[in-house]
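Novice: Take a look at this one; I'll ask things after.
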Amino acid sequence: MENELLQDFATESFRESLVNWFYENQRILPWRESKDAYRVWVSEIMLQQTRVETVIPYYEAFMRRFPTAEDLAAADEEDILKAWEGLGYYSRVRNLQSAVKEVVEQYGGKVPDTKEEISSLKGVGPYTAGAILSIAYGKPEPAVDGNVMRVLSRILLIEEDIAKPAARKRFEQVLYELISKEDPSAFNQGLMELGALICTPRSPGCLLCPVRPHCRAYEAGVQEGLPIKSKKKKPLPKLMAALIVRNEEGEVLIEKRPAEGLLARLWQFPNIETAGVATQKEELAAWAEEQFQVEALSKPVQTVEHVFSHLIWQITVYEARVKGRPIGESESRRWVSKQEIEQFAFPVSHQKIIQHSI
DNA sequence: TATACGTGGTT
DNA sequence: TAACCAAGTAT
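Just add 1248 to the spot in the first sequence (first one is 1) and you have my numbering.
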């Protein structure tokens, strides 16, 4: 036993209990119907930082729309973003398509099955590489996500701060020994499923736990205090003013966000960050007159709060009219009708603006 | 290593 | 209700 953490740990008994429990208790999920590596891959990307219940309908629609790696590789960026609209972390789908293109071009459409090759693909980090390798190819690679860190920190009474990037490696080291070489797929999924159904963040269901006899935290009565996780900073509010510019044909002006950064390449209504509530309308009016030659601004028609992980947009929405079509269209600026607007992918806050004001 | 990167659900 | 959480990755 090289690993100190596994001293006196009944490794084989633990594996069997976990794997058997998984086969008896796993949820029926759409991505569990096939071991096709492309399908597993798509599901793993969608599930990053995203709840299972949220992912299910997106996954089903996405697989109908892009059933194979070739279909996704050939798709327009507008279409893949639209398919991802509302899921968040939009670079995931652009990285996924970029990586799928590479798989089609460099690997003949077959998802590579080595750690080195698969890890070199955009958007495939240590967790996703391990998940695909174990689930699609049966390889004994660890797949350390938040569930796994929580479950293992309790089972082995590990008091590392799981918010720190370095913690993941510690869990991987243990798992290289602990993982079932017989059924790595069920073992990895079992660890995650246990975290999702039994070994939950708060009030874990220890009385139902298949590996309770192996749990050091339970033995010590400290399961509720694990894992250790340092707190994140609060997101800072930003005051924003958005503008619905209407022309005489009833169309509205939308623009494409920059290629990098927050909500990259999604569409939005023109907007600016403003300095203060009191001066907001003047700030917006000065900017809008210069940009779009608008006539008078309306009173605020709507307010929307958009909470991100690291910041909060507090958006006040105004309207204004222009004569004719003074603003030319371009790649990043379009006049669209109420019907046409559905084809474009917007962040949720701007979807709310559409629903309320368009 | 710390931070950017979305969104919706739960307590 | 504010805080926390959810199958992470890129930089």
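Every residue gets a Cβ at the ideal spot worked out from N, C-alpha and C, and that includes glycine. These figures come from a predicted structure and were not determined experimentally.
Tell me the rounded alpha-carbon separation between Leu-1400 and Pro-1595.
Specialist: Residue mapping note: residue 1400 aligns to position 152 of the first sequence, counting from 1. Residue mapping note: residue 1595 aligns to position 347 of the first sequence, counting from 1. Distance between the alpha carbons of Leu-1400 and Pro-1595: 36 Å.
Novice: Return the chain-ordered list of same chain residues with a C-beta closer than 6 Å to the C-beta of Asn-1343, the five sequence neighbours on each side being excluded.
Specialist: By 1-based counting over the first sequence, the position of residue 1343 is 95. Lys-1370 and Gly-1371.
Novice: So what's Tyr-1338 in DSSP terms, helix, strand or just coil?
Specialist: Locating residue 1338 in the first sequence gives position 90, where the first residue counts as 1. DSSP places Tyr-1338 in coil when its eight states are reduced to three.
Novice: For Gln-1471, is the classification buried or exposed, using 16 other Cβ atoms within 10 angstroms of its Cβ as the cut-off for buried?
Specialist: Here the question's residue 1471 lines up with position 223 in the first sequence. Its Cβ being crowded by 16 or more others within 10 Å, Gln-1471 is buried.
Novice: Just to confirm, is the Cβ distance from Arg-1398 to Gly-1443 under 8 Å?
Specialist: As a position in the first sequence, residue 1398 is number 150, starting the count at 1. As a position in the first sequence, residue 1443 is number 195, starting the count at 1. Result yes, Cβ atoms of Arg-1398 and Gly-1443 sit closer than 8 Å.
Novice: Leaving aside the five residues before and after Leu-1514 along the sequence, list all residues of the same chain whose C-beta is less than 7 Å from its C-beta, in chain order.
Specialist: On the first sequence, position 266 is the one that residue 1514 refers to. Only Leu-1329, Tyr-1338, Arg-1505, Ala-1593, Phe-1594 and Pro-1595 meet the Cβ criterion.
Novice: Under 8 Å between the Cβ atoms of Ile-1406 and Leu-1532?
Specialist: Within the first sequence, numbered from 1, the residue matching residue 1406 stands at position 158. Within the first sequence, numbered from 1, the residue matching residue 1532 stands at position 284. In this structure, Leu-1532 does not lie closer than 8 Å to Ile-1406 by Cβ.
Novice: Figure out for me which residue from Asp-1327, Glu-1264, Arg-1340 and Arg-1280 has the closest Cα to the Cα of Ala-1294.
Specialist: The residue labelled residue 1294 in the question sits at position 46 within the first sequence. In the sequence on display, residue 1294 carries Met and not Ala. Minimum Cα distance to Met-1294 is reached at Arg-1340.
Novice: Any idea if His-1598 is buried or exposed, counting beta-carbon neighbours within 10 angstroms, 16 or more meaning buried?
Specialist: Reading the first sequence from its first residue, position 350 is the one you call residue 1598. His-1598 is buried by the Cβ-count criterion.
Novice: Return the residue from the list Trp-1332, Val-1352 and Met-1311 that minimises the CA-CA distance to Leu-1511.
Specialist: Counted from its first residue, the first sequence places residue 1511 at position 263. Considering only alpha carbons, the answer is Trp-1332.
Novice: Per DSSP, Asp-1409 forms a beta bridge with which residues?
Specialist: As a working mapping, residue 1409 is identified with position 161 in the first sequence. According to DSSP, Asp-1409 bridges with Ile-1476.
Novice: Kindly provide the ranges of any alpha helix (DSSP H) runs that are 4 or more residues long and lie completely inside the segment 1278 to 1340, ordered along the chain.
Specialist: Counting only runs of 4 or more, we get 1285 to 1295, 1300 to 1313, 1317 to 1322 and 1325 to 1332.
Novice: Three or more C-beta pairs under 8 Å: does that hold for the segment 1428 to 1436 against the segment 1255 to 1268?
Specialist: Contact holds: three or more Cβ-Cβ distances are below 8 Å.
Novice: Please report the distance separating the alpha-carbon of Ala-1526 from that of Leu-1487.
Specialist: As a position in the first sequence, residue 1526 is number 278, starting the count at 1. As a position in the first sequence, residue 1487 is number 239, starting the count at 1. If I take the Cα positions, the gap works out to 11 Å.
Novice: In chain order, which alpha helix (DSSP H) runs of at least 4 residues are fully inside the segment 1457 to 1528?
Specialist: 1464 to 1468, all fully within the segment 1457 to 1528.
Novice: Taking the straight line between their C-alpha atoms, what separation do you get for Ile-1502 and Phe-1310?
Specialist: On the first sequence, position 254 is the one that residue 1502 refers to. On the first sequence, position 62 is the one that residue 1310 refers to. Rounded to the nearest angstrom, the two C-alpha atoms are 25 Å apart.
Novice: Spell out the partners DSSP gives Tyr-1566 in its beta bridges.
Specialist: In the first sequence, counting from the first residue as 1, residue 1566 sits at position 318. Paired residues: Leu-1491.
Novice: Would you be able to state if there are at least three C-beta pairs under 8 Å between the segment 1274 to 1291 and the segment 1381 to 1399?
Specialist: Flag = yes, the segment 1381 to 1399 and the segment 1274 to 1291 touch.
Novice: Note the first and the last residue of the continuous alpha helix (DSSP H) segment covering Val-1552.
Specialist: Translated into positions along the first sequence, residue 1552 becomes position 304. From DSSP, Val-1552 is part of no alpha helix (DSSP H) but of the beta strand (DSSP E) over 1550 to 1555.
Novice: Please return the same chain residues whose Cβ sits closer than 6 Å to the Cβ of Lys-1600, not counting the five positions on each side in sequence.
Specialist: Along the first sequence, one-based indexing puts residue 1600 at 352. Cβ neighbours of Lys-1600 beyond the five flanking positions: Val-1552.
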